[in-house]
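Asker: Taken in order, these protein sequences are the chains called A and B.
Take the first sequence: its letters are residues 1 to 101, numbered as in full-length UniProt numbering.
Take the second sequence: its letters are residues 1 to 101, numbered as in full-length UniProt numbering.
Take a look at the following structure, please.
There are 2 protein chains.
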Amino acid sequence: MTEIAAVLHALGDPVRLEMVGRLADRGEPQPCGALYDDIAKSTASYHFRLLREAGLIEQYAEGGRTLNLLARAEADRRAPGVLESVLAARSARAARTDGGQ
Amino acid sequence: MTEIAAVLHALGDPVRLEMVGRLADRGEPQPCGALYDDIAKSTASYHFRLLREAGLIEQYAEGGRTLNLLARAEADRRAPGVLESVLAARSARAARTDGGQ
C-alpha cells in the first residue's frame, strides 16, 4: 500500500505532475531545464529526486548534462496502471480546458 | 492541472488511501471509525477534511453519527479515471502480496 501512496504523493504536486506530463508529451529523454518554468534549480532538484525515488523517472548523464526519462515499467510495477491513467486524465483536462486550468 | 494534482495529493498518503480503499471495498456508507486504525480522532478528522476538499468523499449526518461515502462522480470530474485506476492498483497489489505491503 505504501508504495502506491508514494507514487501518488510524487504525482500529487503541480510542479512534479507537469514534469512527468512534459516527459510523456515529448516521448524522449529531456534535459532537466526543459521540464519546468519559474522555479529555482534547487527546488527543481528536490522535485526530481522525489520523482526518482518514487520510481517515476530515471536520470542519466550524457554529454555533460542530465537527461530524464519516464520510468513507465517501474511505475507500473509499483502502482499498476496509475501513471497511464494520470497522464490520460491530464490530457483529457488539457483538451477540455484548452490548455489546462 | 492543479485539480488533478489535488486529487493525487489526497490519495497519496497511506492513511487516506486506506480510508478510500475501505469505502470502496465495503460498497456502502461507513462511519468514520470504520475507516482507520491506530490514529487519533483529530488526525483522522484532518484526513477526512482533505479527502472531502479533494472531492473524493462526501460526509453526512445520520442518527447522530457521520457517515462517509465515496464521491466517485465528483472525483471523476476532477481527475477522470484516476480514482478507479488507483482502487484497481490497490486491489492488484493486495492480491499479489496477500494483504498489502
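All residues carry an ideal CB built from backbone N, CA and C; glycine is no exception.
1. What residues of chain A sit near residue 89 of chain B, judged by a beta carbon separation below 8 Å?
2. Return yes when the Cβ of residue 8 of chain B is within less than 8 Å of the Cβ of residue 22 of chain B, no when it is not.
3. According to DSSP, simplified to helix, strand and coil, what is residue 56 of chain A?
4. Residue 14 of chain A by DSSP, collapsed to three states: which one?
5. Could you pull out every residue in the same chain whose Cβ sits closer than 8 Å to the Cβ of residue 51 of chain A, ignoring the five residues on either side in sequence?
6. Put residue 71 of chain B into one of helix, strand or coil per three-state DSSP.
7. Going by Cα to Cα distance, which pick from B:79, B:28 and B:89 is closest to residue 78 of chain A?
8. Kindly list, in the order they appear in chain B, the residues whose Cβ is closer than 7 Å to that of residue 22 of chain A.
9. Whose C-beta lies closer than 7 Å to the C-beta of residue 86 of chain B among residues of the same chain, with five residues either side of it excluded?
10. Under 8 Å between C-beta atoms, does residue 93 of chain A make it to chain B?
11. Quick one: any contact between the stretch 57 to 76 of chain B and the stretch 26 to 35 of chain B, if contact means 3 or more CB pairs under 8 Å?
12. Is DSSP giving residue 3 of chain B helix, strand or coil here?
13. Determine the direct distance from the alpha carbon of residue 73 of chain A to that of residue 74 of chain B, and round the result to whole angstroms.
14. Is DSSP giving residue 79 of chain A helix, strand or coil here?
15. With distances taken between CB atoms, is the gap from residue 6 of chain B to residue 54 of chain B smaller than 8 Å?
16. Report yes or no: is there a C-beta of chain A within less than 8 Å of the C-beta of residue 14 of chain B?
17. Buried or exposed, going by whether 16 or more other CB atoms sit within 10 Å of the CB of residue 25 of chain A?
18. What residues from chain D crowd round residue 11 of chain B, counting only those whose CB sits closer than 8 Å?
19. Are residue 4 of chain B and residue 93 of chain A closer than 8 Å when you measure CB to CB?
20. Which residues in chain B sit within 7 Å of residue 85 of chain A, going by Cβ to Cβ distance?
Answerer: On the basis of the data shown:
1. In chain order, 4, 79, 80, 81 and 82 make up the part of chain A whose C-beta sits under 8 Å from the C-beta of residue 89 of chain B.
2. Taking C-beta atoms as the reference points, residue 22 of chain B and residue 8 of chain B fail to come closer than 8 Å.
3. Taken through DSSP and simplified to helix, strand or coil, residue 56 of chain A comes out as coil.
4. Here residue 14 of chain A sits in helix by DSSP.
5. Short of 8 Å from the beta carbon of residue 51 of chain A, and not among the five residues preceding or following it, lie these beta carbons of its own chain, in chain order: 10, 16, 19, 20 and 57.
6. Coil at residue 71 of chain B, not helix or strand.
7. With respect to the C-alpha of residue 78 of chain A, the residue from B:79, B:28 and B:89 having the closest C-alpha is B:89.
8. Those within 7 Å of residue 22 of chain A in chain B number zero; the least Cβ separation is about 12 Å.
9. Closer than 7 Å at Cβ, skipping near neighbours: 11.
10. Closer than 8 Å: yes.
11. Contact between the stretch 57 to 76 of chain B and the stretch 26 to 35 of chain B is present, because at least three Cβ pairs lie under 8 Å.
12. Look at residue 3 of chain B here: in three-state DSSP terms it is helix.
13. Going by the C-alpha atoms only, they are around 30 Å apart.
14. Residue 79 of chain A falls in the coil class under three-state DSSP.
15. Yes. Within cutoff.
16. At least one CB of chain A lies nearer than 8 Å to the CB of residue 14 of chain B.
17. The Cβ neighbour count for residue 25 of chain A, taken over all protein chains shown within 10 Å, is under 16; the residue is labelled exposed.
18. The structure shown has no chain D; the protein chains it does contain are A and B.
19. The beta carbons of residue 4 of chain B and residue 93 of chain A sit closer together than 8 Å.
20. Result: 81, 82 and 85.
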